[in-house]
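In UniProt numbering, the protein residues as written are 1 to 299.
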């Protein structure tokens, strides 16, 4: 276990491949509540004038980081590598649990600028607070559980191609007009899925300013269920990408959502309603409660 105490750091963090599991625990007075977190990786101020952290607040571990793709050398030509190099924290090792960390990329509306990049499997994020603008959270490979976590962004701020990710009781704040998810699921038989269960969507981006998602690839799969959708969500619910491909393979579904962002009869034709909720076992596996990275006390 790495216990993170107050301090100020000006750097990005890379968790390279390890021989054993890892726990990152940020200092907090209430482990189940992200509002009590006192560890921040990436401190600064967005143009919306909302401070991520201040010296007058509780003590914080701070890694100042504001990097987008325009800051990456032109000699790096691979798009995925360029994206990864912008991230405040990059995870490359399997079997990691992260508790009570605030992580931020302070680039505001400056292009692709990741906050958390996960390129491994079996991850749990508990009562964390990743903050960014575009591409905040890259959930790209393997199984991932985000629980009681507060995710902030504007454009495609939960995205990836191959992950089986379950978001449980998360708060989702939109800070600009855009799209919450961008699923890059590449094939009809892919297990890649994003499920948001008991989420709360809200923000200051304006009424009808945000979509639940848009398809990065033609087999995108995202489900929102049992969630409270604020008035920032467009009546159409979902958006198309600005490229031409068939929408026949998309899986954009909802179940039992509530709130002003849930407008029956107004959703786009390539979305739909489920007859029953998706079970967590369909995403994390039948034995998920026995998995090391799953902390059932947050479910």
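C-beta: ideal position from N, C-alpha, C; glycine also.
Which two residues bound the contiguous beta strand (DSSP E) that contains residue i?
i	result
residue 197	193–197
residue 148	From DSSP, residue 148 is part of no beta strand (DSSP E); its letter is neither H nor E.
residue 224	221–225
residue 139	137–139
residue 164	164–168
residue 14	13–15
residue 201	200–203
Just curious, the alpha helix (DSSP H) that residue i is in, first and last residue?
i	result
residue 284	281–284
I need the DSSP call for residue i, collapsed to helix, strand or coil.
i	result
residue 83	helix
residue 179	strand
residue 64	Here the model assigns residue 64 a pLDDT of 49, short of 50, so the residue's position is not dependable and the matter cannot be decided.
residue 276	coil
residue 104	strand
residue 271	strand
residue 70	helix
residue 27	coil
residue 264	coil
residue 36	helix
residue 297	helix
residue 253	strand
residue 290	helix
residue 171	strand
Could you tell me the distance, in whole angstroms, from the CA atom of residue i to the CA atom of residue j?
i	j	result
residue 299	residue 161	25 Å
residue 61	residue 278	Low confidence applies here, because residue 61 scores a pLDDT of 48, under 50, leaving its location unreliable; read the following figure in that light. Distance between the alpha carbons of residue 61 and residue 278: 37 Å.
residue 2	residue 69	30 Å
residue 44	residue 220	Summary for residue 44: the model assigns pLDDT 46, below 50, so the residue's position carries little reliability, and this model does not support an answer.
residue 273	residue 195	14 Å
residue 233	residue 19	43 Å
residue 101	residue 75	33 Å
residue 218	residue 5	44 Å
residue 133	residue 24	24 Å
residue 275	residue 223	12 Å
residue 139	residue 166	10 Å
residue 212	residue 154	11 Å
residue 300	residue 73	Only positions 1 to 299 of the chain appear in this structure, which leaves residue 300 out of reach.
residue 261	residue 81	36 Å
residue 200	residue 130	15 Å
residue 152	residue 175	7 Å
residue 295	residue 39	20 Å
residue 98	residue 280	20 Å
residue 110	residue 159	17 Å
Just checking my contact of residue i with residue j at CB under 8 Å: how many whole Å lie between their CB atoms?
i	j	result
residue 235	residue 266	4 Å
residue 112	residue 86	6 Å
residue 190	residue 237	Not confirmed; about 23 Å, so no contact.
residue 88	residue 13	7 Å
residue 34	residue 148	7 Å
residue 127	residue 37	7 Å
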